[in-house]
Amino acid sequence: MNKGKNEYHGLTLDLIELLNQKQTKYSFRFVPTSSSRRYHDLRTGRYQIIAFESKSWGWSPELVESSKIFHKGGEVFVALNSPQRTQSYFKDLKSKKIRGIRGYHYGFLGLSTGAKAIKGFNIEFTNTHDGNIRAVISKRADIAVVPKEYLDLYLHENPEDQKLLMISKDFDQIYELGILVSTEQKAIQAADINKIIDGILKDGSWSNVLRKKGISYKHP
Numbered sequence: 025m026n027k028g029k030n031e032y033h034g035l036t037l038d039l040i041e042l043l044n045q046k047q048t049k050y051s052f053r054f055v056p057t058s059s060s061r062r063y064h065d066l067r068t069g070r071y072q073i074i075a076f077e078s079k080s081w082g083w084s085p086e087l088v089e090s091s092k093i094f095h096k097g098g099e100v101f102v103a104l105n106s107p108q109r110t111q112s113y114f115k116d117l118k119s120k121k122i123r124g125i126r127g128y129h130y131g132f133l134g135l136s137t138g139a140k141a142i143k144g145f146n147i148e149f150t151n152t153h154d155g156n157i158r159a160v161i162s163k164r165a166d167i168a169v170v171p172k173e174y175l176d177l178y179l180h181e182n183p184e185d186q187k188l189l190m191i192s193k194d195f196d197q198i199y200e201l202g203i204l205v206s207t208e209q210k211a212i213q214a215a216d217i218n219k220i221i222d223g224i225l226k227d228g229s230w231s232n233v234l235r236k237k238g239i240s241y242k243h244p
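Next comes the structure, spelled out in structure tokens:
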């Protein structure tokens, strides 16, 4: 999710639109948060559900219940393209200046962002994927770790950058994403969300959203 010209845009808003289109019992609306604040915001009731999440990403098991998986994805490494570079460039990460997102859990760091996990890595955590990709293009970073879905969307909107970037063939991690529901707020049950998810998967409306945005999609 990114914000530009005072407006948010991203797949979360597209998903919310679909969730509202497919039923009338619940009204879903977007609440801004950040990757690092999302745990606190759920505990304090700022929102009751969060999409594109995995319980393995630092959530207390008793705090959330997960819906069924509705999206499979993963994170890749991107670097500035050059004739001399090959995929082996991504093998030695400790010698590279890396950009990641604050609050994210990366495979090469053992799904941790603690001091012990990042020791030996030259990594800077920021708040925007766009900024991290552009840092690579402008040579302010050697590598950025980016969700493949987001990279697809970025290149769909910025096709001129395709030739500038080398993308890793291997994933940093592959994940299965659902919607996490607060067990304390109880605004909706995971079972009810599952019924809506079944609908957008079976009728193809979710895959159509991704296809229109140039995002490669793998059905759960």
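Under the numbering used here, the first residue of the sequence shown is numbered 25, with each subsequent residue one higher.
All C-beta atoms in this analysis are idealised placements derived from N, C-alpha and C, irrespective of residue type, glycine included.
- In angstroms with no decimal places, state the Cα-to-Cα distance between N30 and D65. Taking the first residue of the sequence shown as 1, we reach residue 30 at position 6. Taking the first residue of the sequence shown as 1, we reach residue 65 at position 41. At N30 the pLDDT is 47, less than 50, meaning the model places this residue with poor confidence; the figure from the coordinates comes in the next sentence. Their Cα atoms are separated by approximately 21 Å.
- Item | Residues sharing a beta bridge with Q213, DSSP | Locating residue 213 in the sequence shown gives position 189, counting from the first residue. Per DSSP, none; premise fails for Q213.
- Query: Can you tell me the Cα-Cα spacing of S58 and T152, whole angstroms?
  - Reply: Residue 58 sits at position 34 when you count from the first residue of the sequence shown. Residue 152 sits at position 128 when you count from the first residue of the sequence shown. Near 10 Å, if we compare the C-alpha coordinates of T152 and S58.
- Query: When we look at the beta-carbon of T137 and count the other beta-carbons within 10 Å, is it buried (16 or more) or exposed?
  - Reply: Residue numbering aside, residue 137 sits at position 113 when the sequence shown is read from its first letter. Classification of T137: buried, given that the 10 Å Cβ count is 16 or more.
- Item | Buried versus exposed, by CB contacts within 10 Å (16 or more), G69 | Here residue 69 corresponds to residue number 45 of the sequence shown, with the count starting at 1. Exposed, because fewer than 16 other Cβ atoms sit within 10 Å of the Cβ of G69.
- Task: Could you tell me how far apart the beta carbons of V205 and S84 are, in whole angstroms, since I believe they sit closer than 8 Å?
- Result: On the sequence shown, position 181 is the one that residue 205 refers to. On the sequence shown, position 60 is the one that residue 84 refers to. No, V205 and S84 are not in contact; Cβ-Cβ is about 13 Å, not under 8 Å.
- When the distance is taken between beta carbons, is Y199 closer than 8 Å to V169? By one-based count along the sequence shown, residue 169 stands at place 145. By one-based count along the sequence shown, residue 199 stands at place 175. In this structure, Y199 does not lie closer than 8 Å to V169 by Cβ.
- Query: Taking 7 Å as the cut-off, does the CB of S229 come closer than this to any heavy atom belonging to the ligand PLP?
  - Reply: Only the bare structure without any ligand can be found here, which leaves the ligand PLP out of the picture.
- Could you name the residues of the same chain whose beta carbon sits closer than 6 Å to that of W230, not counting the 5 residues immediately before and after it, in chain order? Looking up residue 230 in the sequence shown gives position 206. Correct list, in chain order: I224.
- Query: Where does P244 land, buried or exposed, given buried means 16+ other C-beta within 10 angstroms?
  - Reply: One-based indexing of the sequence shown puts residue 244 at position 220. Low confidence applies here, because P244 scores a pLDDT of 49, under 50, leaving its location unreliable and the question unanswered by this model.
- Message: I want to know whether the stretch 89 to 106 touches the stretch 212 to 224 - three or more CB-CB distances under 8 Å.
- Response: yes
- Item | Expected contact under 8 Å - CB spacing of K120 and I167 to nearest Å | For the purposes of this step, residue 120 is taken as the residue at position 96 of the sequence shown. For the purposes of this step, residue 167 is taken as the residue at position 143 of the sequence shown. Distance from K120 to I167 at the Cβ level is roughly 5 Å; contact confirmed, criterion being Cβ atoms closer than 8 Å.
- Task: Rounded to whole angstroms, what's the CA-CA distance from F132 to P171? Just pull it up for me.
- Result: Position 108 of the sequence shown, counted from the start, is the residue given in the question as residue 132. Position 147 of the sequence shown, counted from the start, is the residue given in the question as residue 171. When rounded, the distance between both Cα atoms is 14 Å.
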